[in-house]
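Colleague:
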């Protein structure tokens with residue numbers, strides 16, 4: 498007696514574009530990958546140096562996001578990745594959030610290997626539509642720098 502195993506389900510994909518490969522190791526494995534997927538393979542001239550160019554021109558980016566909201570008792574809560582803390586005044590909450598987020602994003606980007614970096618801050622305040630009622634402030638502090646070895 499012979500048993501013939503049947504698949505429960507078949508699935509296939511069709512690609513309408515070629516596979517474009519860059520980077521030093523593409524010749525080693527992508528021809529087989531393209532063949533198995535039934536794709537046309539396009540390896541541009543100098544494809545092997547693409548990794549080096551990307552690494553040399555790449556940036557290190559770190560972002561810290563903080564949220565400030567009223568707590569309903571006329572105080573303000575700072576929601577940060579490192580803690581949740583209340584303040585009596587909005588200005589105190591805002592100063593704390595901006596200062597700490599800048600300090601921590603600088604620590605993160607340095608830890609990630611950036612020698613020189615720039616820090617930018619984006620602050621968005623929201624109010625209830627039609628009312629002069631504060632809803633929240635969203636803060637994103639971003640540090641962008643070049644790796645030390647560049």
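In our numbering, the protein residues as written are 498 to 647.
Built from N, CA and C at the ideal position, the CB exists for glycine as well.
Keep in mind that this is a model prediction, so the values were computed, not measured.
Examine the Cβ distances between the region 564-576 and the region 629-640 and report whether three or more of them are shorter than 8 Å.
Modeller: Touching, per the Cβ criterion.
Colleague: Closest Cβ-Cβ distance between residue 503 and chain D: below 8 Å?
Modeller: Looking for chain D here will not work: only one protein chain is present.
Colleague: Tell me which residue opens and which closes the beta strand (DSSP E) that residue 640 is part of.
Modeller: As a position in the chain shown, residue 640 is number 143, starting the count at 1. Element bounds for residue 640: 631-644.
Colleague: Name the residue from 562, 609 and 589 whose alpha carbon lies nearest to the alpha carbon of residue 578.
Modeller: Translated into positions along the chain shown, residue 578 becomes position 81. Comparing Cα positions, the closest option is 562.
Colleague: According to DSSP, residue 617 sits in a beta bridge with which residue or residues?
Modeller: Mapped onto the chain shown, residue 617 falls at position 120. Bridge partners of residue 617: 639.
Colleague: If distances are taken between C-alpha atoms only, which option among 512, 575, 608 and 542 comes closest to residue 590?
Modeller: Numbered from 1 along the chain shown, position 93 holds the residue referred to as residue 590. It is 575.
Colleague: Please classify residue 612: does DSSP put it in a helix, a strand, or coil?
Modeller: In the chain shown, counting from the first residue as 1, residue 612 sits at position 115. DSSP places residue 612 in strand when its eight states are reduced to three.
Colleague: In whole angstroms, give me the CA-to-CA distance for residue 587 and residue 572.
Modeller: Taking the first residue of the chain shown as 1, we reach residue 587 at position 90. Taking the first residue of the chain shown as 1, we reach residue 572 at position 75. Straight-line Cα distance between these residues: approximately 7 Å.
Colleague: In whole angstroms, give me the CA-to-CA distance for residue 541 and residue 582.
Modeller: For the purposes of this step, residue 541 is identified with residue 44 of the chain shown, where counting begins at 1. For the purposes of this step, residue 582 is identified with residue 85 of the chain shown, where counting begins at 1. Computed Cα separation, rounded: 54 Å.
Colleague: Assuming the contact rule is C-beta atoms closer than 8 Å, residue 640 and residue 559 should be a hit. Round their C-beta distance to whole Å, please.
Modeller: Counting from 1 along the chain shown, the entry for residue 640 is found at position 143. Counting from 1 along the chain shown, the entry for residue 559 is found at position 62. Confirmed, about 5 Å.
Colleague: In terms of residue numbering, what span does the beta strand (DSSP E) encompassing residue 567 cover?
Modeller: Position 70 of the chain shown, counting from 1, holds the residue named residue 567. Counting along the chain, the beta strand (DSSP E) containing residue 567 begins and ends at 557-567.
Colleague: Where does residue 538 fall in DSSP's three states?
Modeller: Counting from one through the chain shown, the residue named residue 538 turns up at place 41. Of the three classes helix, strand and coil, the one that applies to residue 538 here is strand, per DSSP.
Colleague: On the three-state DSSP scale, how would you describe residue 623?
Modeller: In the chain shown, counting from the first residue as 1, residue 623 sits at position 126. Looking at residue 623 - three-state DSSP - the assignment turns out to be strand.
Colleague: By a C-beta neighbour count over all protein chains shown, 10 Å radius and 16 as the cutoff for buried, is residue 627 buried or exposed?
Modeller: In the chain shown, residue 627 corresponds to position 130, counting from 1. Exposed.
Colleague: Report the three-state DSSP secondary structure of residue 581 (helix, strand or coil).
Modeller: The count along the chain shown starts at 1 and reaches residue 581 at position 84. Looking at residue 581 - three-state DSSP - the assignment turns out to be strand.
Colleague: When the Cα atoms are used, what is the spatial distance from residue 518 to residue 613?
Modeller: The residue labelled residue 518 in the question sits at position 21 within the chain shown. The residue labelled residue 613 in the question sits at position 116 within the chain shown. So the alpha carbons of these two residues sit roughly 32 Å apart.
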